Amino acid sequence: MLNAGQYSVTYLPNDETIATGRYQVLLYDNNFGAAESYPKFDWGQLGAAVVTDYSRGTHSFGCIFTVDETARTYELEDQIAVPFSGYVSSAQRVGNSNSMLVASGMAKTFIEYDRYGLPIATYEMEAEKYIYRVYKCDL
Numbered sequence: 797m798l799n800a801g802q803y804s805v806t807y808l809p810n811d812e813t814i815a816t817g818r819y820q821v822l823l824y825d826n827n828f829g830a831a832e833s834y835p836k837f838d839w840g841q842l843g844a845a846v847v848t849d850y851s852r853g854t855h856s857f858g859c860i861f862t863v864d865e866t867a868r869t870y871e872l873e874d875q876i877a878v879p880f881s882g883y884v885s886s887a888q889r890v891g892n893s894n895s896m897l898v899a900s901g902m903a904k905t906f907i908e909y910d911r912y913g914l915p916i917a918t919y920e921m922e923a924e925k926y927i928y929r930v931y932k933c934d935l
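Numbering (this note's numbering), first residue to last: 797 to 935.
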């Protein structure tokens with residue numbers, strides 16, 4: 797599994813896995829290869845696995861990984877294809893549910909998905925700039 801440009805990494809606590817050194821994290825994978833801090837890296841060497849041109853980006857992902865600190869490994873457990881955004885985005889597990897709230901910043905959308913990856917609600921913003929992050933909170 798190759799990831800390029802992760803945002804909004806969130807630890808997902810689970811009482812069953814804490815004692816074993818295994819846990820899950822949720823993140824927004826931009827699916828965009830660029831790093832101004834390391835300009836000599838050639839993202840093109842990764843082939844079509846990573847988008848390196850904004851105009852060719854079609855989707856990013858909300859991803860859940862299981863991390864095993866003892867084995868020093870990680871494994872993709874679930875991912876949802878979301879509107880492409882090379883920068884400024886977020887993903888959040890909503891409360892104790894299995895739904896995921898994803899903000900695709902450059903696409904100026906945020907969408908809540910059910911546990912099967914189907915949209916529950918979709919919102920679009922008319923704005924000059926991008927959506928940075930979106931969070932859903934109980935009030």
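Just so it is clear, CB atoms sit at the ideal spot from N, CA and C, and this is done for glycine as well. Since the model is a prediction, treat every value here as computed from it, not as a measurement.
Cβ-Cβ separation, residue j to residue i (assumed contact under 8 Å), whole Å
i	j	result
Y803	L823	7 Å
I907	P915	5 Å
T862	Q820	5 Å
G913	E865	With a Cβ gap of about 28 Å, G913 and E865 do not count as contacting.
Beta-carbon proximity check, residue i vs residue j, cutoff 7 Å
i	j	result
G858	M902	no
S776	V878	Only positions 797 to 935 of the chain appear in this structure, which leaves residue 776 out of reach.
E922	T905	no
I860	E873	yes
S828	T854	Before going on, a small fix: residue 828 reads as Phe here, not Ser. Not in contact: F828 and T854 (Cβ atoms no closer than 7 Å).
A887	V930	no
I876	Y909	yes
G882	N810	no
Bridge partner(s) assigned by DSSP for residue i
i	result
G858	Y824 and I876
V898	A887 and I907
A917	E908
Y807	V821
T869	D864
Q802	D825
Close Cβ partners of residue i (< 7 Å) along its chain, the five nearest in sequence each way excluded
i	result
Y807	Y819 and V821
Sequence-distant residues of its chain with Cβ nearer than 6 Å to residue i (five each side left out)
i	result
S885	Y803, Y824, A899, S900 and G901
R918	Inspection of the sequence shows that residue 918 is occupied by Thr rather than by Arg. For T918, where only same-chain residues beyond five positions count, the Cβ hits under 6 Å are I907.
N894	R911
K932	V890 and L897
Nonlocal neighbours in the same chain, by C-beta distance under 8 Å from residue i, ignoring five residues either side
i	result
D934	G891
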